[in-house]
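A.B. asks: Sequences listed follow chains V and D, in order. Residue 1 is where the first sequence starts when you use our numbering, and the numbers rise one by one after that. Residue 1001 is where the second sequence starts when you use our numbering, and the numbers rise one by one after that. Built from N, CA and C at the ideal position, the CB exists for glycine as well. All of these numbers come straight from a predicted model, not from anything done at the bench.
There are 2 protein chains.
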Amino acid sequence: MPLIGLKLKVVNQRTRKTEILEVAAELFREKGYSASTMRDIADRVGIEAASLYNHIKSKEELLTDICFAIGNMFVPEMRQVIANKESTLSKIQYLINLHIDITTQHAAMVSVANNEWRHIKEPKLSEFLQMRDNYETCFKDIIEIGIRKGELKNIDSTTSLYTILSSFRWLQYWYKPDRDSPVDQIKRDISELLLKGIKK
Amino acid sequence: MPLIGLKLKVVNQRTRKTEILEVAAELFREKGYSASTMRDIADRVGIEAASLYNHIKSKEELLTDICFAIGNMFVPEMRQVIANKESTLSKIQYLINLHIDITTQHAAMVSVANNEWRHIKEPKLSEFLQMRDNYETCFKDIIEIGIRKGELKNIDSTTSLYTILSSFRWLQYWYKPDRDSPVDQIKRDISELLLKGIKK
DNA sequence: ATAATAGACTAGCAATTATTAGTTTTTTTC
DNA sequence: GAAAAAAACTAATAATTGCTAGTCTATTAT
Chain V
1 MPLIGLKLKV VNQRTRKTEI LEVAAELFRE KGYSASTMRD IADRVGIEAA SLYNHIKSKE
61 ELLTDICFAI GNMFVPEMRQ VIANKESTLS KIQYLINLHI DITTQHAAMV SVANNEWRHI
121 KEPKLSEFLQ MRDNYETCFK DIIEIGIRKG ELKNIDSTTS LYTILSSFRW LQYWYKPDRD
181 SPVDQIKRDI SELLLKGIKK
Chain D
1001 MPLIGLKLKV VNQRTRKTEI LEVAAELFRE KGYSASTMRD IADRVGIEAA SLYNHIKSKE
1061 ELLTDICFAI GNMFVPEMRQ VIANKESTLS KIQYLINLHI DITTQHAAMV SVANNEWRHI
1121 KEPKLSEFLQ MRDNYETCFK DIIEIGIRKG ELKNIDSTTS LYTILSSFRW LQYWYKPDRD
1181 SPVDQIKRDI SELLLKGIKK
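1. What does D/Asn970 touch in chain V if you count any residue whose Cβ is under 8 Å from its own?
2. Is V/Lys196 helix, strand or coil when you go by DSSP?
3. Counting C-beta neighbours from all protein chains within 10 Å, is the total for V/Glu116 16 or more, i.e. buried, or is it exposed?
4. Here's the rule I'm using: 16 or more other beta-carbon atoms within 10 Å means buried, otherwise exposed. How should V/Arg79 be labelled?
5. Where do the N-terminal and C-terminal ends of the alpha helix (DSSP H) with V/Thr64 fall, by residue?
6. For the segment 154–171 of chain V, which residues have a beta carbon sitting closer than 9 Å to at least one beta carbon of chain D?
7. Spatial neighbours of V/Asp65 within its chain, please: C-beta separation below 7 Å, excluding the five flanking residues on both sides.
8. Checking 7 Å against the spacing of the C-beta atoms, do V/Leu193 and D/Ile1186 come in under that value?
9. To which residues of the same chain is V/Val183 closer than 6 Å at the C-beta, ignoring the five residues directly before and after it?
10. Label D/Tyr1173 either buried or exposed according to how many other C-beta atoms from any shown protein chain fall within 10 Å of its C-beta, with 16 as the threshold for buried.
11. For D/Leu1062, count the other beta carbons within 10 Å of its own beta carbon; 16 or more makes it buried, fewer makes it exposed. Which is it?
12. Please say whether D/Ser1034 and V/Ala25 have beta carbons closer to each other than 7 Å?
13. With a threshold of 7 Å between beta carbons, is V/Ser181 in contact with chain D?
14. Hey, does D/Glu1127 have any beta-carbon neighbour from chain V nearer than 7 Å?
15. Indicate whether V/Ile92 and V/Cys138 have their beta-carbon atoms separated by less than 7 Å.
16. Any Cβ of chain V within less than 7 Å of the Cβ of D/Lys1196?
17. Just the chain D side, please: which residues come within less than 7 Å of V/Leu62 by C-beta, in chain order?
18. Which residues, in order along the segment 1020–1032 of chain D, keep a beta-carbon less than 8 Å from a beta-carbon of chain V?
19. Does the segment 127–136 of chain V come close enough to the segment 1118–1132 of chain D that 3 or more CB-CB pairs lie under 8 Å?
20. Does the Cβ of V/Ile70 lie closer than 6 Å to at least one heavy atom of the ligand PLP?
21. Starting from V/His99, trace the alpha helix (DSSP H) in both directions and tell me its first and last residue.
22. Any C-beta of chain D sitting closer than 7 Å to the C-beta of V/Asp189?
23. Mind checking which residues open and close the alpha helix (DSSP H) that includes D/Phe1139?
24. Between the alpha carbons of D/Leu1003 and D/Asp1189, how many angstroms are there, rounded?
25. Nearest by alpha-carbon distance to V/Lys140: which of V/Ser160, V/Lys153, V/Lys149, V/Pro123 is it?
26. Tell me, please, which residues DSSP counts as bridged to D/Leu1152.
27. Can you name, in chain order, every residue of its own chain whose Cβ lies under 8 Å from the Cβ of D/Ser971, other than the five neighbours on each side?
28. I want to verify the contact list: residues of chain D whose CB lies under 8 Å from the CB of V/Arg118, in sequence order.
29. Can you tell me whether D/Arg1179 is buried or exposed, with buried defined as 16 or more other CB within 10 angstroms of its CB?
30. Which bits of chain V does D/Ile1186 rub up against, with CB to CB less than 7 Å?
31. Nearest chain D C-beta to V/Glu122 closer than 7 Å, yes or no?
32. Grouping DSSP H, G and I as helix and E and B as strand, with all else coil, what is V/Arg179?
33. Specify, as a first and last residue, the run of the alpha helix (DSSP H) that V/Arg162 falls within.
34. Have a look at V/Ile47 and D/Ile1056 and give me their C-alpha separation to the nearest angstrom.
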C-alpha cells in the first residue's frame, strides 16, 4: 500500500468535507442552525441529503466543527500575546487586529461561532464555553494590568472587555471586501475609536 | 352596550397577550425563533399549545410584534434627536443612553429584534428592514455632520456607526442588574470609551 | 335567568425533519 | 482490467412541527 495513494485519498476527503463545512457555515449564518435543513445544505453542494452522511456524522458535527475551528484560531494567539513582554497597548492593538483579520477572512464561520453555539450539545457545549470563557478572562486580565500600570483609564474592566469584543460584531454581517474600506483602513479606524474615541 | 364593559375586555386581552409575548421573547432569546416551539411557549405560560391561538394569530405574529415593538421605541426618539439643535456630541450621548436604557429594560425583546428578525416573512420583513435602515442612516448623518463641524475625528462614518451600534450588543446577553454595575455607571463607562477611548 | 363571550381543553392532521438501510455508480489502486 | 474503496443514489422511518376543528366551562352582559 503506497503512501502516496493513501495521502491523496485523505486529501480528497478533506476537501470534500471542507466544502460541506463551508456551505453549512454560510447557510447557518443566513438562516440560523435550526432553520437550515440537511436538504438545504445538500442542494447547495449539489448532492442528495442522504449523501452528506458519507462525509459527516451528523448535523451537529457540522456546527461543532465550525465553532471549534474558530475557537482554535484565537486560543494559540492569546497564549502568545500573554507570553510576550510588550506594553498593554500593543497587546490590545494586536488582539484588535487579530479579531478583524479572522472575522474578515472567515466571516460565515465567525458568525456561526458567535450566534449559533447554543445549539451545540453537551459535553461539547461546556468545552466550547470554557474555551471562550478562558479567552475572555485572559483579555480581561490584560486590561486590568493595563489599568494598574497606568496605561489605561480606570473604566470597569468587564464593561471595557465586552464593549470592545462586541464592537467587532458588525464586520461579520456588514463587511464586504469590495464595497467597504480595505482591511488595513478598517483596522486603523476601529483602533483609533476604541483606544482614543471619536471625540476630536 | 356599555363602553366600560368593552374596555375591560380589551384590557384583559392585552395583558394575556402581553404575557405570551414576554414568554416568547425570552424563549426566542434562549433558543432562537426556529428552535422554539409553540409547545415550549405554552408550557411556560401554563396552557396547551392550541390555546395560544385564542390570543394570537400565528407563531410569526409573535416574532413580528416583538421586533416592531422594539423598533417603535427607537424611531420617535431619533426623530426628536434630529429635530433638536444641540451639539453632535450631546446628540450621540443621548443616543448611547437611549440604547443602554432600552436594552437593559427590554433585554429579551432587544435580543430577538437584533438576532431573529431574519425569520420575519415578507412583506413585514421589508418594512422592518426599512425602519432599521432609516434609523441607521439618520445616525450616520449625525456622525458626518459632526465630522464636518469639527466635533468628531475624521473616522470613516460607516465604521464609526456600526462599531458604536455593535458595542452595545453584549448588554443584551451579559448585563444582569443585580450582578453588574448600576445602569448609570455603565452609561458613563461606555460613553467614556466610545467618545474618548480606553487609552489614558 | 338567559345569552354571549373568552379562553381553556382534546384530538389529530399534513408537512417537514434528521437519519438509516440498502443499492448503484464512479473513482482509485495496482 | 479487476478489485476495492469512495461517494453518490432511492426509499423509508419515526419524531416533531405549526396549526385547525370541535367541545366544554366559567365568567360577563343584559
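C.D. replies: Per the coordinate set shown:
1. Residue 970 of chain D lies beyond the residue range present for chain D, which begins at 1001 and ends at 1200; the question has no answer from this structure.
2. helix
3. buried
4. exposed
5. 59–83
6. Asn154, Ile155, Asp156, Thr158, Thr159, Ser160, Leu161, Tyr162, Thr163, Ile164, Leu165, Ser166, Ser167, Phe168, Arg169, Trp170, Leu171
7. Leu21
8. no
9. Thr104
10. exposed
11. buried
12. no
13. yes
14. no
15. no
16. yes
17. Ordered by position in chain D, no residue passes the 7 Å Cβ test against V/Leu62, which lies about 16 Å from the chain.
18. Glu1030, Lys1031, Gly1032
19. no
20. Looking at this structure, you won't find the ligand PLP or any other ligand, since it has none at all.
21. 88–105
22. yes
23. 1124–1148
24. Bear in mind that the predicted position of D/Leu1003 carries a pLDDT of just 31, short of 50, making it too unreliable to give a figure here.
25. V/Ser160
26. V/Lys199
27. The structure shown does not extend to residue 971 of chain D, since chain D is modelled only from 1001 through 1200, so no value can be given for it.
28. Glu1030, Lys1031, Gly1032
29. exposed
30. Thr159
31. no
32. coil
33. As written in the sequence, residue 162 of chain V is Tyr, which differs from the Arg given in the question. Start and end: 157–167.
34. 40 Å
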